[in-house]
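Numbering (the working numbering), first residue to last: 488 to 695.
Structure below.
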């Protein structure tokens, strides 16, 4: 059994998570209702995975994740959320969240997300990655992408919209091969290998 701590201030959500996990290889070892309570329970129960509601009274899920990382705890954390603000999204990406589960689709998504994060993978929907990258590409944004020249930043922005190399070439009036050359340069400059890493890196060191 893989142990999970569920943090949510609504009892019916906690009960719902337990119901979804029943019969799977995941078992709820503790349930909490605030960030402070969660941090104490992690020390006591040592769960393999933490499932955090993003909006809780007192210390919320974002602050709890940041506090967890600040004390050197790198265990997988997945966020359970009905909605997430731009500031919250950037903050949790910077703090190294492994998964994001929408409460609307939790019944279908939850076990799949837990499976991924327990095996060391990221389980963050492309829409969240794209939104985070779009935010990081704003003119006032600072961070890793500031190292890119204007043409490279433009290409990164088009990648964030989900455009293929051929479409990017058409948009910028350059050949598909030239786009590949630019992407290779971007990846080398940022020490990454692919589009997903581009989105993640863009927000991991984002300054607010």
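Glycine included, C-beta positions come from ideal geometry on N, C-alpha and C. None of these values were measured; they are calculated from a predicted model.
Problem - Proximity of residue 492 and residue 537 at Cβ, strictly below 8 Å - result: Yes; because the gap between Cβ atoms is below 8 Å, this pair is in contact.
Exercise for the section: With distances taken Cα to Cα, identify the nearest neighbour of residue 683 among 523, 659, 661, 648. Expected result: When only C-alpha atoms are compared, the closest one is 648.
Handout entry: Assigned exposure category for residue 637 - 16 Cβ within 10 Å defines buried
Key = When all chains shown are included, residue 637 counts as exposed.
Handout entry: Span separating the alpha-carbon of residue 695 from that of residue 511
Key = Residue placement at residue 695 is flagged as unreliable, the pLDDT there being 40, under the threshold of 50; the coordinate-derived value follows with that caveat. Between residue 695 and residue 511, the C-alpha separation is close to 38 Å.
Handout entry: residue 696, DSSP secondary structure in three states
Key = Nothing about residue 696 can be read from this structure; the chain reaches only from 488 to 695.
Handout entry: Classification of residue 614 by the beta-carbon crowding that lies within 10 angstroms, buried from 16 upward
Key = Per the 10 Å Cβ criterion, exposed.
Exercise for the section: Report the rounded CA-to-CA distance for residue 668 versus residue 617, giving the unit in angstroms. Expected result: Approximately 22 Å, taken between the alpha carbons.
Handout entry: Residue range of the unbroken beta strand (DSSP E) whose run includes residue 589
Key = 586-589 is the extent of the beta strand (DSSP E) around residue 589.
Problem - Residue range of the beta strand (DSSP E) that includes residue 536 - result: Where residue 536 is concerned, the enclosing beta strand (DSSP E) stretches over 536-540.
Handout entry: Contact belief for residue 576 with residue 644 at Cβ below 8 Å, rounded distance in angstroms
Key = About 17 Å separates the beta carbon of residue 576 from that of residue 644, a gap too long to meet the 8 Å contact definition.
Handout entry: Rounded C-alpha distance that separates residue 566 from residue 650
Key = So the alpha carbons of these two residues sit roughly 28 Å apart.
Problem - Under 8 Å between C-beta atoms of residue 489 and residue 605 - result: Yes, Cβ-Cβ distance for residue 489 and residue 605 is below 8 Å.
Practice task
For residue 506, count neighbouring Cβ atoms within 10 angstroms of its own Cβ and tell me buried if that reaches 16, exposed if not.
Solution key: Label assigned to residue 506: exposed.
Handout entry: With 16 other Cβ atoms within 10 Å as the buried cut-off, status of residue 563
Key = With 16 or more neighbouring CB atoms inside 10 Å of its own CB, residue 563 falls in the buried class.
Problem - DSSP-derived helix/strand/coil call for residue 561 - result: Note: residue 561 maps to coil in three-state DSSP.
Handout entry: Pair within 8 Å by beta-carbon distance, residue 549 and residue 579
Key = Between residue 549 and residue 579, the C-beta spacing is below 8 Å.
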